[in-house]
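Enquirer: Chains as they are written, first to last, in our numbering: chain A, 1 to 327; chain B, 1001 to 1327.
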DNA sequence: CTGTTAGCGCTTTCAC
DNA sequence: GTGAAAGCGCTAACAG
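(1) Using a Cβ-Cβ cutoff of less than 8 angstroms, which residues in the same chain neighbour residue 207 (chain A) once the five nearest sequence positions on both sides are dropped?
(2) Residue 1100 (chain B) and residue 1395 (chain B) - do their beta-carbons sit closer together than 8 angstroms?
(3) The stretch 51-76 of chain A: which residues have C-beta closer than 9 angstroms to a C-beta of chain B, in chain order?
(4) Using Cβ-Cβ distances below 8 angstroms, what residues of the stretch 91-125 of chain A are close to chain B?
(5) Should the stretch 1066-1079 of chain B be regarded as contacting the stretch 1221-1231 of chain B, the criterion being three or more beta carbon pairs within less than 8 angstroms?
(6) Which first and last residues belong to the beta strand (DSSP E) in which residue 1079 (chain B) is found?
(7) May I ask you to list, following chain order, the residues of the stretch 6-40 of chain A that have a beta carbon less than 8 angstroms from some beta carbon of chain B?
(8) Output the boundary residues of the alpha helix (DSSP H) element that contains residue 1237 (chain B).
(9) Are the C-beta atoms of residue 303 (chain A) and some chain B residue less than 8 angstroms apart?
(10) Taking the CB atoms as reference points, tell me whether residue 14 (chain A) and residue 50 (chain A) lie closer together than 8 angstroms.
(11) Hey, residue 1281 (chain B) and residue 1062 (chain B): beta-carbon distance below 8 angstroms or not?
(12) Can you say whether residue 1300 (chain B) is buried or exposed, counting buried as having 16 or more other CB atoms within 10 angstroms of its CB?
(13) For residue 145 (chain A), which residues does DSSP report across the bridge?
(14) Run down chain B in chain order and give the residues with a C-beta less than 7 angstroms from the C-beta of residue 79 (chain A).
(15) CA-CA distance, residue 1048 (chain B) and residue 1058 (chain B)?
(16) For residue 1042 (chain B), count the other beta carbons within 10 Å of its own beta carbon; 16 or more makes it buried, fewer makes it exposed. Which is it?
(17) Would residue 252 (chain A) pass as a contact of residue 275 (chain A) if the rule is Cβ separation under 8 angstroms?
(18) Excluding the five sequence neighbours on either side, which residues of its own chain have a C-beta within less than 6 angstroms of the C-beta of residue 1263 (chain B), listed in chain order?
(19) Quick one: using the 10 Å Cβ neighbour count with 16 as the cut-off for buried, is residue 65 (chain A) buried or exposed?
(20) Can you tell me which residues form a DSSP beta bridge with residue 1198 (chain B)?
(21) Cα-Cα, which of A:277, A:122, A:138, A:240 is closest to residue 44 (chain A)?
(22) Since residue 1230 (chain B) and residue 1316 (chain B) are thought to touch, with beta carbons under 8 angstroms apart, how far apart are those beta carbons, to the nearest angstrom?
(23) What's the call for residue 55 (chain A), buried or exposed, on a 16-neighbour Cβ count within 10 Å?
(24) In this structure, how does DSSP classify residue 245 (chain A) when only helix, strand and coil are distinguished?
(25) With 8 angstroms as the threshold, decide whether the Cβ of residue 1269 (chain B) is near any Cβ in chain A.
(26) Could you work out which residue in B:1190, B:1218, B:1161 is closest to residue 1250 (chain B) when comparing CA atoms only?
(27) With DSSP run on the structure shown, which of helix, strand or coil describes residue 1212 (chain B)?
(28) By Cβ distance, which residues of its chain are closer than 7 angstroms to residue 154 (chain A), with the 5 residues on each side in sequence left out?
(29) If you drop the 5 nearest sequence neighbours on each side, which residues of the same chain put their C-beta closer than 6 angstroms to that of residue 1129 (chain B)?
(30) Considering only DSSP beta bridges, list what residue 122 (chain A) is partnered with.
(31) With DSSP run on the structure shown, which of helix, strand or coil describes residue 1052 (chain B)?
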């Protein structure tokens, strides 16, 4: 049938134009479903994110969308809520839908989950990656981030630095913690293990961590939080208990969740946390590009793309207060 | 073939179990694509949002997802960036994909766009609706919102109230403006037309509006902004030009974009704009429910669901400063 | 109750 | 170069 020629094949130019014209006039559109059944490719990709409501994810998603949409791919966007049951159910459902690939943003990578993905289409991981680096990965430069933060705090004279880490299952959180320890050592600073706490990236976990720190004999002069929400929780708790940030204590965040947008959301001056930026949009773009490439040319060595980060000095860090050491 | 029986039909219980068992053992999964081709239903819905990066949308999306995912429907989520070309391209592409329905969040509803939707699957509109109310719609109670805001400002003694509206193409913006005018009249207050400005929902348009207001002979004592970003822009401009908010001038927002989340994002005290809440999650849920119902039972009268809003008094409103009247 | 069959709309292959 | 035919995996309809 002539339709086949609408794309490629051998056909006389004149005939081709005639057909095209008729088809246009009739408003005929080729069925994506039938094509998918035939070719086993759907031009759709599954994107899993932990929580669409956390502002860092929409930005990553926008980056992905930007590049895949330009190539006529459509995204199935799914919230997993850090719930491993849900995660699996969603992947199964997307597998049934024959997505051409998965982009997994900050997912908890249990063995079960990875096994499910094993026989499926290509996957690219953002932020968290499987132990074995045999798969495509895009993430921020965690080592650099910690270095920037530590440089900044050290310049301000801080030595007693607390660290509130992210969840143990997050490879990013682990990397950052490891880098914190080695970074402190490299600067000849001691890490007081009672000041290394575990949080879960939420505001509330920041408050809890701050409470724990408050109970310590001597307070740190600075605390590095796993992300901006945790930092906000910490600041909130301290301020409610009579400590001033940054005068009495410096607090830093991570991710720059409230980054100023091109279209004017989140103007900086309303969210003055000193933090380290994550190139969210670029992470998404890079992942999208890898995805498209995998779809077109399966095989090849796995990519591992590490994007640079930047320090954002704002209003929650100040020179160390030596009096705190005896508080 | 026995498979057909895996769902419904007449089959002996024992046979059925046997088949089920075998099928499970083989890890067989039925192909969504083939089913879609046969039944012309894809169990997927297209969701168009203006900008995933604006925090009010993810919340609405989460509401939609929550209810449609529970019914095994998957969302194609697409950004339209308020770009009418893009909008049309996306709808065409989703139409080709045979989505079972559309949820259109805050879309600009041009005639061309509506015509495109006309012969497609069911649509439910959130926030902005077509002129003719012949289609399903879910939105916040704009009349109530304005009333709450005006009550609050009047109680504080404000009479010279400026209004920075949203884009003319937004039905929501229009409704609010109309209600502002009638609400002012109902209170015996005059609307100074030089203090009714047009913005486009962005931070920057707030700054521009504030600049315009500043040039007026006499400043308003309060300004109602089209949304929280515009309010932030206004506050920002005034503060940079030596006016204190709320001491010298009150400013209110709309939407409560920075609403405290269950999981701890955006704690209120960091974003103290007096604003009027929008039940974002519920808007999404309601739209999702209507969608599912339309898919299962086509036909029936269009729904029009208006959800109540709440006033959020925070730190950008205070009693009117009479001196401003002569400023 | 159960087995078989036609056909959804496309792409690919194979004759012509 | 071009037309015809097979078949992707499913469901609905129909005969047994």
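Think of the CB as a built atom: it goes at the ideal place given N, C-alpha and C, for glycine as much as any other residue.
Expert: In terms of the structure at hand:
(1) 233, 234, 236, 237
(2) The first residue shown for chain B is 1001 and the last is 1327, placing residue 1395 (chain B) beyond what the model contains.
(3) 51, 52, 53, 54, 55, 57, 58, 59, 61, 62, 65, 66, 69, 72, 74, 75, 76
(4) 92, 93, 94, 95, 96, 97, 98
(5) no
(6) 1074-1079
(7) 29, 30, 31, 32, 33, 34, 36, 37
(8) 1228-1240
(9) no
(10) no
(11) yes
(12) exposed
(13) Paired residues: none, contrary to the question.
(14) 1062, 1065
(15) 12 angstroms
(16) buried
(17) yes
(18) Below a pLDDT of 50, predicted positions are generally treated as unreliable, and residue 1263 (chain B), at 48, falls in that range; the measurement from the model is reported next regardless. Around residue 1263 (chain B): no qualifying Cβ.
(19) buried
(20) B:1165
(21) A:122
(22) So it is not a contact: roughly 12 angstroms between Cβ atoms.
(23) buried
(24) coil
(25) The pLDDT assigned to residue 1269 (chain B) is 47, lower than 50, so where the model puts this residue is not dependable; a value taken from the coordinates is nonetheless given after this. Yes, its Cβ sits closer than 8 angstroms to a Cβ of chain A.
(26) B:1161
(27) helix
(28) 187
(29) 1137, 1171
(30) Paired residue(s): none; residue 122 (chain A) is not in a bridge.
(31) coil
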